[in-house]
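If you're matching positions, the sequence shown starts at 19 in this note's numbering and goes up one per residue.
Before any comments, here is the structure.
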Amino acid sequence: MKIAVIQGPNLNMLGVREKNVYGPMTLEQIHEQMKSSAAQNGIELEFFQSNLEGEIVDKIQECLGEVQGIIINPAAYTHTSIAIRDALAAVALPTVEVHISNIYKREEFRQKSITAASSTGVIAGFGPFGYHMALIALTQICTEIKAIEEAQKNQAK
Ligand code: CA2
Numbered sequence: 019m020k021i022a023v024i025q026g027p028n029l030n031m032l033g034v035r036e037k038n039v040y041g042p043m044t045l046e047q048i049h050e051q052m053k054s055s056a057a058q059n060g061i062e063l064e065f066f067q068s069n070l071e072g073e074i075v076d077k078i079q080e081c082l083g084e085v086q087g088i089i090i091n092p093a094a095y096t097h098t099s100i101a102i103r104d105a106l107a108a109v110a111l112p113t114v115e116v117h118i119s120n121i122y123k124r125e126e127f128r129q130k131s132i133t134a135a136s137s138t139g140v141i142a143g144f145g146p147f148g149y150h151m152a153l154i155a156l157t158q159i160c161t162e163i164k165a166i167e168e169a170q171k172n173q174a175k
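Following this line, the structure appears as C-alpha cells:
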C-alpha cells in the first residue's frame with residue numbers, strides 16, 4: 019500500500035521560524051517519524067512539498083493509479099484554493115487533510131477550509147502528531163476499501 023504525503027507552502031520552514039506556533043520539529047523530522055511508523059505496517063510513503071499551487075495540483079493528479087491514499091496539508095492554500103479542492107475531488111482518493119495548528123481558534127481567515135470538502139476527514143490542532151493520526155486513519159480506510167474490493171472480486175467469480 020502506498021500513500022502520498024503532500025505539503026503546501028512554507029511548511030519547509032517548520033522548525034526554523036514560528037516555533038511558538040508550529041513547534042520545533044522540522045518537516046524532515048516529521049517525515050522520518052512517519053516513515054518509521056509506516057514501515058512497521060508495510061506502507062510505503064511518498065513525500066512532496068511545494069510552495070506553488072499548480073505544482074500541488076499536478077502532484078495530486080499524478081497520484082491517480084500510483085497511490086491508494088493522500089495525506090495533505092495545503093497550508094495557506096487551504097483557505098484559498100479551489101484548484102486544489104477540485105484536483106482532490108477529481109482523483110477521488112481517500113484523503114486526510116492535516117493542520118498542525120487548530121485553525122478554528124486562529125485568525126478568522128484561517129477558520130474556513132476550502133479544500134476540506136474534498137477530503138475524507140480533517141485533523142487539526144494536534145501538532146506534528148496529526149500526521150501520525152492521519153496515517154493510522156488512512157491505513158484503516160485503505161485496508162477496508164481493499165477488503166471490500168476483494169470481496170466483490172470473489173463474488174463475481
Ligand atoms: O496549521 C497548519 O498546519 C497550517 O496549514 C499551516 C499553514 C497556515 O497557513 C495554515 O493556516 C494552517 C502555514 C504553514 C507555514 O509554516 C511555517 C512554518 C515556519 C515558519 C513560517 C511558516
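The beta-carbon is built from N, C-alpha and C at its ideal position, and this holds for glycine as well.
| Query | Result |
| --- | --- |
| Please give the ranges of any alpha helix (DSSP H) in the stretch 88-160, keeping only runs that are unbroken, at least 4 residues long and fully inside the region. | 100-109 |
| Using the beta-carbon count (16 or more within 10 Å), is Pro92 buried or exposed? | buried |
| Run through DSSP, which three-state label would Gln86 get? | coil |
| Which residue comes first and which comes last in the alpha helix (DSSP H) that contains Ile61? | Looking at the DSSP string, Ile61 is not in any alpha helix (DSSP H), and its letter there is neither H nor E. |
| For the pair the stretch 120-140 and the stretch 48-65, tell me if three or more CB-CB distances fall below 8 Å. | no |
| Are the Cβ atoms of Ile132 and Leu111 separated by less than 8 Å? | no |
| Please report the straight-line C-alpha distance between Gln58 and Leu106, rounded to a whole angstrom. | 28 Å |
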